[in-house]
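Undergrad: Chains as they are written, first to last, in full-length UniProt numbering: chain A, 1 to 422; chain B, 1 to 505; chain C, 1 to 386. Note that the Cβ used here is the ideal one computed from N, Cα and C, for glycine as well. Just so you know, these numbers come straight off a predicted model, no measurement behind them.
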Amino acid sequence: MKNNQVISVLAKKRSRNLKIMLALTLISFVLFAYLPGESQDVTFNFVLGDEWVIIQSWVIGSKIGAYSFSALSALFLVFAFLQARKGNKLGVSALAYCLSVFIAFMCWAAAGAAISVTGLLQGGLFLAIPLVFGSLSGLICERSGVINIAIEGQLLAGAFAAGVVGSLTQNSWAGLLVAPLAGALISLLLATFAIKYAVDQVILGFVINVLVIGLTSFASQRILTTDAARWNSSPIFSTIQIPILSKIPLVGPIFFSQTIIVYMLYVIVAIIQVTLFKSKWGLRMRAVGELPVAAESVGIDVNKVRFRNVLIAGLVAGLGGAFFTVGSSGAFSRQMTAGMGFIALAALIFGKWTPLGAVAAALLFGFADQLRTVLSITGTPIPSEFMVMVPYIVTIIAVSGFVGKVRAPASDGIPYKRGGSH
Amino acid sequence: MSLELRAITKRFGGLVANDAIDFAVADGEIHAILGENGAGKSTLMNIVYGLLQQDSGTISVDGKELTINSPLDSLAAGIGMVHQHFMLIPVFTVAENIVLGHEKTGFFGKLDLATAREEILRISQEFNFDVNPDAIVEELPVGIQQRVEIIRALIYDAKVLILDEPTAVLTPQETDELLNNLKKLRESGRAIVFISHKLREVKAIADKITIIRRGKVVGTASPSAEQSELASMMVGREVDLKVDKEAAKLGSEVLNVQNLTIQDHTGRTLVNNISFQVKAGEVLAIAGVQGNGQSEVAEAMLGLREHVAGSVKVDGQEIIGKSVVDCLDLGIAYVPESRELDGLISSFTIAENLVLDTHMSAPYSKFGRYFPDAVKKVAQERVAEFDIRAQSVTDTASSLSGGNKQKVVLARELSRPVKLVVVSQPTRGLDVGSIEFVHERLVAERNDGKAVLLFSTELDEVYALADRIAIMFKGEIIAIVEPSISREELGLYMAGVSLHAEVSA
Amino acid sequence: MKLIAKKAILPLIAFGLALFVGGLVIGFTDSRVLSKIGSPISFLKIFASTVGNAYLALFQGAIYDPNLVEGHSFLTGFYPLSQTVVNAAPLMLCGLSVAIAFKAGLFNIGAQGQFIFGAIGASYVGFHYELPIFLHVVVAITAAIILSALWGGFVGLLKAKTGAHEVIVTIMLNYIAANFLLWILGTSTFLRPGRLDPLAPPVKDTARLPRLFGDNYSVNVGIFISIVVAFLFWLLLNRSTWGFKTRAVGANSSAARTAGISVQRITIGTMLIAGGLSGLAGAIHVLGFQYELTSDTAGSFGFDAITVALLGRGGPVGVVLASLLFAGLRVGGTTMQANVQVPVEIVLVIQALVVLFIAAPGLITRYIKIKNLESGQEMASKGWNG
């Protein structure tokens, strides 16, 4: 039998990934370590405020750092290679590999400067918050079988409503209360057209975004700017230091010194992760997103389940929108979500339609964005315009299948009509 | 418990799918509904089950009239259904599928699967079903998936069990097991409705037979009735179940497949190292239960699959690695398994569909220009030749009936100069008239000296057309036999039991 | 004629409804209108006059403004129409770019990014090289088309080779293109001598598109180019084998594949063409109207193009008409904002509503009976798994 030419597809993909990793390590050695002229000190700071244990700053020569971490990445590459030969997954060694290359990169990019690692992570989380809300909204919609391109619109509507109501009442809580409702209102539009009128959902989401951008920008220009003191100056939430937890080094300032919106986010993430897989609600949601006719056959009203979930998704994204106004700046400005809804969508896909995956992807994108800001202040060899592109490029790489094949819920985007296809 | 339907009528637009149908089944009885594809059997049962609503007529259970608006109502009335296309979520476990729609929840709304697991194991033991409640459904063989549907109906205490074409996906042995299980269920006092177009099975299991044709009840029969009698009632005329076939005049070898292996994109092996040859003037039928790798082999014959290794030669020329166009140019006609998905473009006109593969050659095209008038003209000839019933060649393909759609595909594929005809499930879902047409046409191609490779899960079709039969099981060809083989033996092969008799490899 | 009337009726009703809803938004956000809410009669009066004035200003800004005539020929009043047509040309080409992708079953949200690359290419050739008068335009346009076709074709390549969904990829590429533009405008090659802000040197006279009605009206040959391209679009789709293949892939890609049509080749080719069309739009905008590359050159052409393609239902005639309509709304909206202080963003609202009403024929036909209405199903994108 001459079967030796049979292709193991997985092995093929793995060997391609290893090749890419090898190339990156070489680039890391040459670009970050060999090419730069003289070595400068890089300082990594870990302290923000009054944590219990003060971690010392860590100073390293940029060339030494880049060489050592490139070497470390090579080591992890060898590990990964050995794992691959055994046919194991690359998960952990690949992660360690990425971290090493990243630190080598930082040594190069921040040569001669000081980087506050804690500040970087904290800022990353800050930027990721609307992304997490948005991607969870997408998750709930798409797991029930409705594609949600309108995340941008939901965020924007939430931000607008929270800002205006917060200003009028001079009460940030009032703003926080109406934001989810505004998001749900957009969802109502999405659900009605997608489910009742079976409009193509990608096109629909796009058009809804245009509508919301138009309406909020129009109102902002016509009303908010005429009397900003009355319409557009909401009080904002202050940060709440969680006793004890906020004093933990590194973790404390990042996760436990945040506003109420962020703490609500933690709760929502936990709830969605658990309920999606372990509750009646989650079971039905996944059922109508995978094979709606089967759900119908056991007496589930598919379109009702979908309708409800799209509304719930709107509540989540709307709440995330509040973060832009009552959660941070207090004032609404035109198109202030700046495409975050689309990045959130990308995070959802990158995270393979799972809650924790989407959260991780959103955090990664937020982090990349913060890194750009930090590096543009410290000054780096890379133009900041290119740093801005990082999340977009990462997304393209992700959807191109380099991170593994992603599979959407089977009936995502397909309108359901009762009685099948007669 | 008894179920009674009176004067059920259902229209879809101008089409009357069910015309005043009366039907009744009592407990401890198996009542078969016999009818060809498209006769309206499934529509009727979907009405009973609440997936569709009747325009008029009544449904009563134990003499009480019911309004059934959704499956919830029918489930509450004790009606359970085993669907032709399983109503199971592929990515769910068995237990998750069973609780879906009837979820019990515990603390903070946590899903309770433990009770369901126990129930599944209990029923599984009672009927010797061997179903693991924690298995993922899509990883189970279809026979087991069907049992999951039966278990579901039993857990929800169905007193009337409706089975819609339950044997379509089963091996003969699995079919026998199913029929035995149905008898057990009958003994337990349940009423069973058995929907099928297969005469043999209906005769074997039913206590009563109701025959439906074009949406109407045309009569009832007892299981002792002759097959030919049942067939003519079902079709509305005398049916000759045999296809006239001259003895094969074998020519040179046209198709030679050696060590063909096919994987999917995740690296799972779907077809494992198979070899066979087809000569000019013969029909090689590849039989087997759905999902044993036949579809993949068929697709590989036209270069439609990736991750393929081995050798496929047509007239001595290797086609692995070649594009679809090159394969077509080599003289391969290809009738895909799904005419709706792969055979036709439903929004295109009939004329356009007739030139899908030849639109870039004369007389339809010159230097990249496309001449719609030339296409129309030739289309009119084809429509006449293949007896395609359509108002106009500029109507969309979606306006055609299933049989006429298949004729369009055949007309397109057989109008080119071809050496090898690859057909996959060519008569699935067709009425008897169209089946006869397709079969005659295929035999004509064989007699004309072409090599015909037929993939079929219908044993009747295999016996009617094949000069040799290859049986596929789990991605391998486990035997190639003469059509004189008995149904029992063939069934054993299809179930993966390797016998001694390999005729020629 | 009957056919055209039948095709036009739904868009017309949708447009009317959108204007109506837009009017409500304008009226209910006006403080003078709201102050009269107590007395119904005067409320209605001032409501009507506010909305009426806004739409009148919109019309005057888009088509004909008698105020401009004073002392000149009545033709001077058509200055706004000239502006509308100038803006319609790139919009039309971008609309065709989105439409051709739709025909192949692809949703091209990337017209914006492709436009940017076209504009960069045209601008660079336009200011950097010295070439004879006609040739300069041709070279500049060719450069624009090649650059943007590659940018668009990359999407097709990714889709064909890896299955990456074009919606996500084009959205991301739009951001990348916008940032690339910002960066390149800061490089020494593109920085206008003596300036520090992101502004490229002006395009040389030899590379500018000739104007049609003298220097006072900016309308130029760009509109002719666009209409010719719209006709070629029709020819390509309906009278060429490439078009046949494209339509087949768009309608049912797996049947097309089975019939020997290379879906990959069509996907890549279509995105090349789509990119080229948007790039041509960028070139026409830079060479015919703006004469210089700025960070805001692309405006919102690429995004408006999607609504144009949807309103035009993917056909060339529809796209031509829809682009004129939306260009008029844009241009008129700016005047409206200046004259009666109604923000131009109302135009976005109207655009979105028009498309929404058209995309859901069920919504309109529920209340208004239209005979033999065609369903709007020809415009559909494919879900993530498609």
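Is there a Cβ from chain F that is less than 9 angstroms from the Cβ of residue 363 (chain C)?
TA: Included in the structure are the protein chains A, B and C, with no chain F among them.
Undergrad: At a CB-CB cut-off below 9 angstroms, which residues of chain B make contact with residue 239 (chain C)?
TA: What you label residue 239 (chain C) is simply residue 239 of the third sequence in a count that begins at 1. Near residue 239 (chain C) (Cβ distances below 9 angstroms), the residues of chain B are 369, 370, 371, 372.
Undergrad: Could you list the residues in the segment 138 to 163 of chain B with a C-beta less than 7 angstroms from some C-beta on chain A, going in chain order?
TA: So the list is empty, because no residue satisfies the distance condition.
Undergrad: Quick one: is residue 405 (chain B) buried, meaning 16 or more other Cβ sit within 10 Å of its Cβ, or exposed?
TA: Counted from its first residue, the second sequence places residue 405 (chain B) at position 405. By the 10 Å Cβ count, residue 405 (chain B) comes out buried.
Undergrad: Below 8 angstroms, is the gap between the Cβ of residue 243 (chain A) and the nearest heavy atom of the ligand SAM?
TA: No copy of the ligand SAM appears in this structure; indeed no ligand is present at all.
Undergrad: Closer than 8 angstroms, Cβ to Cβ, to anything on chain C: give me those residues from the segment 349 to 360 of chain B, in chain order.
TA: So the list reads 352, 356, 357, 359, 360, given in the order they occur along the chain.
Undergrad: Hey, how far is the Cα of residue 129 (chain A) from the Cα of residue 280 (chain A)?
TA: Position 129 of the first sequence, counted from the start, is the residue given in the question as residue 129 (chain A). Position 280 of the first sequence, counted from the start, is the residue given in the question as residue 280 (chain A). Taking the straight line joining both Cα atoms gives about 28 angstroms.
Undergrad: Name the chain C residues that come within less than 8 angstroms of residue 343 (chain B), Cβ to Cβ?
TA: Looking up residue 343 (chain B) in the second sequence gives position 343. The answer, in chain order, is 255, 258.
Undergrad: Let me know the beta strand (DSSP E) ranges lying completely inside the segment 247 to 334 of chain B, each 3 residues or longer, listed in chain order.
TA: For the segment 247 to 334 of chain B, whole beta strand (DSSP E) runs of length 3 or above, ordered along the chain, are 253 to 263, 269 to 279, 283 to 287, 308 to 314.
Undergrad: Opposite residue 114 (chain A) in the DSSP bridges: which residues?
TA: Counting from 1 along the first sequence, the entry for residue 114 (chain A) is found at position 114. Per DSSP, A:43.
Undergrad: Could you tell me whether any Cβ in chain C is nearer than 9 angstroms to the Cβ of residue 151 (chain A)?
TA: As a first step, residue 151 (chain A) must be located in the first sequence, where it is residue number 151. No, its Cβ sits nowhere closer than 9 angstroms to a Cβ of chain C.
Undergrad: Counting only Cβ pairs nearer than 8 angstroms, list the residues of chain C close to residue 217 (chain A).
TA: In the first sequence, counting from the first residue as 1, residue 217 (chain A) sits at position 217. Chain C residues near residue 217 (chain A): 343, 345, 348.
Undergrad: Answer with buried or exposed for residue 232 (chain A), where buried requires no fewer than 16 other C-beta atoms within 10 angstroms of its C-beta.
TA: Sequence index remark: in the first sequence, residue 232 (chain A) carries index 232 (1-based). Buried, because 16 or more other Cβ atoms sit within 10 Å of the Cβ of residue 232 (chain A).
Undergrad: With DSSP collapsed to three states, give me the class of residue 31 (chain B).
TA: Residue mapping note: residue 31 (chain B) aligns to position 31 of the second sequence, counting from 1. Note: residue 31 (chain B) maps to strand in three-state DSSP.
Undergrad: Can you give the Cα-Cα distance for residue 170 (chain B) and residue 204 (chain B), rounded to whole angstroms?
TA: If you number the second sequence from 1, residue 170 (chain B) lands on position 170. If you number the second sequence from 1, residue 204 (chain B) lands on position 204. Residue 170 (chain B) and residue 204 (chain B): Cα-Cα distance of roughly 16 angstroms.
Undergrad: Rounded to a whole number of angstroms, what is the C-alpha to C-alpha distance between residue 420 (chain A) and residue 449 (chain B)?
TA: Against the first sequence, residue 420 (chain A) aligns to sequence position 420. Against the second sequence, residue 449 (chain B) aligns to sequence position 449. For residue 420 (chain A), the pLDDT reaches just 49, beneath the cut-off of 50, and the residue's location in the model is therefore unreliable, although a value from the coordinates is still provided. If you take the alpha carbons of residue 420 (chain A) and residue 449 (chain B), they lie about 43 angstroms apart.
Undergrad: So for residue 4 (chain B), helix, strand or coil by DSSP?
TA: Position 4 of the second sequence holds residue 4 (chain B). Reduced to three states, the DSSP call for residue 4 (chain B) is strand.
Undergrad: Do we get a CB-CB distance below 9 angstroms when we pair residue 316 (chain A) with the residues of chain B?
TA: Position 316 of the first sequence holds residue 316 (chain A). Not closer than 9 angstroms to any Cβ of chain B, the Cβ of residue 316 (chain A) fails to qualify, so no.
Undergrad: Would you mind sorting residue 411 (chain A) into buried or exposed? The rule is 16 or more other CB atoms within 10 Å of its CB.
TA: Stepping through the first sequence from its first residue, residue 411 (chain A) is reached at position 411. Buried, because 16 or more other Cβ atoms sit within 10 Å of the Cβ of residue 411 (chain A).
Undergrad: By the three-class DSSP mapping on this structure, what secondary structure does residue 213 (chain B) have?
TA: Position 213 of the second sequence, counting from 1, holds the residue named residue 213 (chain B). Strand, per DSSP.
Undergrad: Can you check DSSP and say which residues form a bridge with residue 470 (chain B)?
TA: Here residue 470 (chain B) refers to the residue found at position 470 of the second sequence. Per DSSP, B:286, B:480.
Undergrad: Between which two residues does the alpha helix (DSSP H) containing residue 241 (chain C) stretch?
TA: Taking the first residue of the third sequence as 1, we reach residue 241 (chain C) at position 241. 241 to 251 is the span of the alpha helix (DSSP H), which, as asked, contains residue 241 (chain C).
Undergrad: Does the separation of the CB atoms of residue 155 (chain C) and residue 275 (chain C) fall below 9 angstroms?
TA: Indexing the third sequence from 1 puts residue 155 (chain C) at position 155. Indexing the third sequence from 1 puts residue 275 (chain C) at position 275. A contact, by the Cβ cut-off of 9 angstroms.
Undergrad: Helix, strand or coil: how does DSSP classify residue 261 (chain C) here?
TA: As a working note, residue 261 (chain C) is residue 261 in the third sequence. Three-state result, residue 261 (chain C): coil.
Undergrad: Considering only their Cβ atoms, is the gap separating residue 254 (chain B) from residue 217 (chain B) smaller than 9 angstroms?
TA: By 1-based counting over the second sequence, the position of residue 217 (chain B) is 217. By 1-based counting over the second sequence, the position of residue 254 (chain B) is 254. No, they are not a contact pair.
Undergrad: Helix, strand or coil for residue 110 (chain B), going by three-state DSSP, please let me know.
TA: Reading the second sequence from its first residue, position 110 is the one you call residue 110 (chain B). Residue state, collapsed to three classes: strand.
Undergrad: List, in chain order, every chain B residue whose beta-carbon is nearer than 9 angstroms to that of residue 262 (chain C).
TA: Here residue 262 (chain C) is taken as the residue at index 262 of the third sequence, counted from 1. In chain order: 323, 324, 325.
Undergrad: Within its chain, find whatever has a CB closer than 7 angstroms to the CB of residue 303 (chain A); leave out the 5 residues flanking it on each side and keep chain order.
TA: For the purposes of this step, residue 303 (chain A) is taken as residue 303 along the first sequence, with counting starting at 1. Contacts found: 195, 416.
Undergrad: Name the two residues that bound the continuous beta strand (DSSP E) containing residue 302 (chain A).
TA: Residue numbering aside, residue 302 (chain A) sits at position 302 when the first sequence is read from its first letter. Segment 302 to 324 is the alpha helix (DSSP H) holding residue 302 (chain A); no beta strand (DSSP E) there.
Undergrad: For residue 91 (chain B), decide whether its Cβ has a neighbour in chain A, counting only Cβ atoms nearer than 9 angstroms.
TA: Here the question's residue 91 (chain B) lines up with position 91 in the second sequence. Taking Cβ atoms only, chain A reaches closer than 9 angstroms to residue 91 (chain B), which makes this a yes.
Undergrad: Roughly how many angstroms lie between the CA atoms of residue 368 (chain A) and residue 119 (chain B), to the nearest whole one?
TA: As a first step, residue 368 (chain A) is located in the first sequence; it is residue number 368 there, counting from the start. As a first step, residue 119 (chain B) is located in the second sequence; it is residue number 119 there, counting from the start. So the alpha carbons of these two residues sit roughly 51 angstroms apart.
Undergrad: Is residue 281 (chain C) closer than 9 angstroms to residue 97 (chain C) when the C-beta atoms are compared?
TA: The residue given as residue 97 (chain C) occupies position 97 in the third sequence. The residue given as residue 281 (chain C) occupies position 281 in the third sequence. Cβ atoms of residue 97 (chain C) and residue 281 (chain C): closer than 9 angstroms.
Undergrad: Taking a cut of 9 angstroms between CB atoms, which residues from the segment 63 to 96 of chain B lie near chain A?
TA: The residues in question are 70, 71, 72, 73, 74, 75, 76, 81, 83, 85, 86, 87, 88, 89, 90, 91, 92, 96.
Undergrad: Pull up the DSSP beta-bridge partners for residue 164 (chain B), would you.
TA: As a first step, residue 164 (chain B) is located in the second sequence; it is residue number 164 there, counting from the start. The partner list for residue 164 (chain B) (beta bridge, DSSP) reads B:195.
Undergrad: Closer than 9 angstroms between beta carbons: that is the criterion. Which residues of the segment 22 to 53 of chain C meet it against chain A?
TA: If the cut-off is 9 angstroms between Cβ atoms, the segment 22 to 53 of chain C has 25, 26, 29, 30, 31 near chain A.
Undergrad: So with Cβ pairs under 9 angstroms, would you call residue 355 (chain C) a contact of chain A?
TA: Residue mapping note: residue 355 (chain C) aligns to position 355 of the third sequence, counting from 1. By this cut-off, residue 355 (chain C) is an interface position.
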